[in-house]
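Using the UniProt record's numbering, the letters of the sequence shown map in sequence onto residues 1 to 390.
See below for the structure under consideration.
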Amino acid sequence: MLENLPIVEGDPLWALLGQFQADQREHKIDLLVGVYRDETGKTPVMQVVQNAEKKLAEEAESKVYKMLSGHLEFNDHVAKFLLGESKKLASQCTIQTVGGTGALRVVGDLVAKLSPNAVIWNTDPGYLNHRPIMEAAGLTVKTFRWGHKDGVLDLESCFADLKEAKEGDILLLHGSCHNPTGVDPTLAQWQQFADFCKAQKLVPFIDIAYQGFGDSPDADAAGLRLLAEQMDLVLVAASCSKNMGLYCERTGVAMVITKDTSQHVPLRTLLERITRGNYSVPPNHGAAVANLLFSDPTPWLAELTVYRERVRNLREALGEALSAIGAPASLQVITQQKGMFSLLPLSIQQMDLLKEKHAIYGMQNGRINIAGLQQSEVAYLANALVDVLQ
Ligand SMILES: Cc1ncc(COP(=O)(O)O)c(C=O)c1O
């Protein structure tokens, strides 16, 4: 068997991280991994999570298996967080998954079972893991451009590429804080996506991994809620990794919103069959923590607001620093973008130069994690960006 072992290219992110760690320059800056960092460069465990973990440890309830759908109360809470107090809550069928990645795969497996010829339409640029997940589920992936004009999503190019999509294809959109561009649709543009899906008979699939990192938890779910109100079928993959800082606890949900709720029983059974054939039941700890946070959301939302504002302040400071040194407009749009990521308008060679000459590490495609920055590094980064662009 092992004589057939292929030489598989490693993940470029981890290779760059290795280079960063080996770099001896004291002023080096890591803008690589998509995790929140505080002003000291740490990714802390939220205070509310620490409190919840103490409570769970004291209660030491039981480690007995939960249901195949996972932690049912947690699922109900996430559904409310995603959809708000909407009558559409009755239309969703939700199961707990192994993080947002697990949710993407479970939904991919569901599509592959029910509609194997459906193409997944993915943004370009997009989240690097979408294609391998969907292809591993046996689905075909095609892309449409996700560009912007002066910071506003260029819908014309999206729809020009999506003209090729056929009835039943899946339109995979990021709920908020698009990874890697930080360019999100306006509410009017979400309506245009809804109209397009209705006209072309496409199924929207919303990957929402950063709810609360853009404008607010409700505003960041506005696009999803609009689609849920208007469409007969919406697929959702949601993650608690970022907005609760539960990364390694692998906490998320897969949700299907249907017009006909009589489909929920067979749908749930099929979703459970899919997970049973993979990892059986999802891990409980993250969902138990998240459940406590959702039960008394005020302190959690206050901590999340601090996170969101730190990232927003960094964006603003970077925008001001760029404007002060007369940086081109293509760099200054960073202030209009949402969430942790921005995609710099730099070539692979310019990203290499940023690393070699200035010890600033971003992804080769130009993605940087704004949250990896400290206020004291903003001016240095702005000058380095202008330098490599020249
Ligand atoms: C757009 C997007 N979707 C999904 C995920 C997966 O999240 P999780 O860590 O919960 O698997 C990420 C994580 O970076 C992401 O950026």
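Note that the Cβ used here is the ideal one computed from N, Cα and C, for glycine as well.
From a predicted model like this one, the values you see are computed outputs, not experimental measurements.
Taking the beta strand (DSSP E) that residue i belongs to, which residues open and close that run?
i	result
residue 94	92 to 98
Pick out whichever of the options has its Cα sitting closest to the Cα of residue i.
i	options	result
residue 383	356, 361, 318	318
residue 236	102, 73, 62	102
residue 94	305, 248, 245, 252	252
residue 335	265, 267, 61, 215	215
residue 75	59, 97, 62	97
residue 92	105, 100, 99, 77	77
residue 178	320, 202, 307, 130	130
residue 261	10, 232, 351, 249	232
residue 274	13, 105, 89	105
residue 210	247, 66, 376, 14	247
residue 310	219, 67, 278, 212	212
residue 379	1, 320, 347, 63	320
residue 187	207, 35, 220, 168	220
residue 151	182, 389, 354	182
residue 118	234, 136, 202, 347	202
residue 80	367, 16, 350, 255	255
residue 17	371, 193, 355	355
residue 369	35, 99, 289	35
residue 59	122, 292, 381, 249	292
residue 205	88, 373, 123, 277	123
residue 280	272, 264, 305	272
residue 142	276, 170, 249, 283	170
residue 184	167, 4, 153, 54	153
residue 167	194, 200, 191	200
residue 138	114, 3, 270, 56	114
residue 240	230, 259, 217	217
residue 337	315, 351, 349	315
residue 128	377, 45, 13	13
residue 175	134, 357, 126, 5	126
Using DSSP bridges, identify the partner residues of residue i.
i	result
residue 204	171
residue 341	369
residue 140	119
residue 148	153
residue 256	93, 235
residue 361	30
residue 124	145
residue 43	DSSP output for residue 43 lists no bridge partner at all.
residue 251	98
Rounded to the nearest angstrom, how far is the Cβ of residue i from that of residue j, given a contact under 8 Å?
i	j	result
residue 344	residue 332	12 Å between Cβ atoms; not a contact.
residue 365	residue 180	7 Å
residue 120	residue 162	12 Å between Cβ atoms; not a contact.
residue 245	residue 40	Between residue 40 and residue 245 the Cβ distance is about 15 Å, and since that is not below 8 Å, they are no contact.
residue 257	residue 228	5 Å
Residue range of the alpha helix (DSSP H) that residue i falls in?
i	result
residue 314	297 to 324
residue 378	378 to 389
residue 72	72 to 83
residue 264	264 to 276
residue 68	Taken as a continuous stretch (DSSP letters only), residue 68 belongs to no alpha helix (DSSP H), as it is neither H nor E.
residue 408	Because the chain spans 1 through 390 in this model, residue 408 falls outside it and cannot be assessed.
residue 229	222 to 230
residue 22	12 to 22
residue 331	329 to 332
Exercise. Would the region 294 to 310 and the region 323 to 330 be scored as touching if the rule is three or more Cβ pairs under 8 Å?
Worked result: no
Exercise. Are at least three pairs of beta-carbons, each pair with one atom in the region 216 to 231 and one in the region 15 to 24, less than 8 Å apart?
Worked result: no
Problem set entry | Stretch-stretch touch, CB-based, cutoff 8 Å, three pairs: the region 334 to 348 with the region 63 to 83 | no
Problem set entry | Stretch pair the region 109 to 116 + the region 149 to 167: three plus CB contacts closer than 8 Å | no
Exercise. Okay, do the region 353 to 371 and the region 26 to 37 touch, 3+ Cβ pairs below 8 Å being the bar?
Worked result: yes
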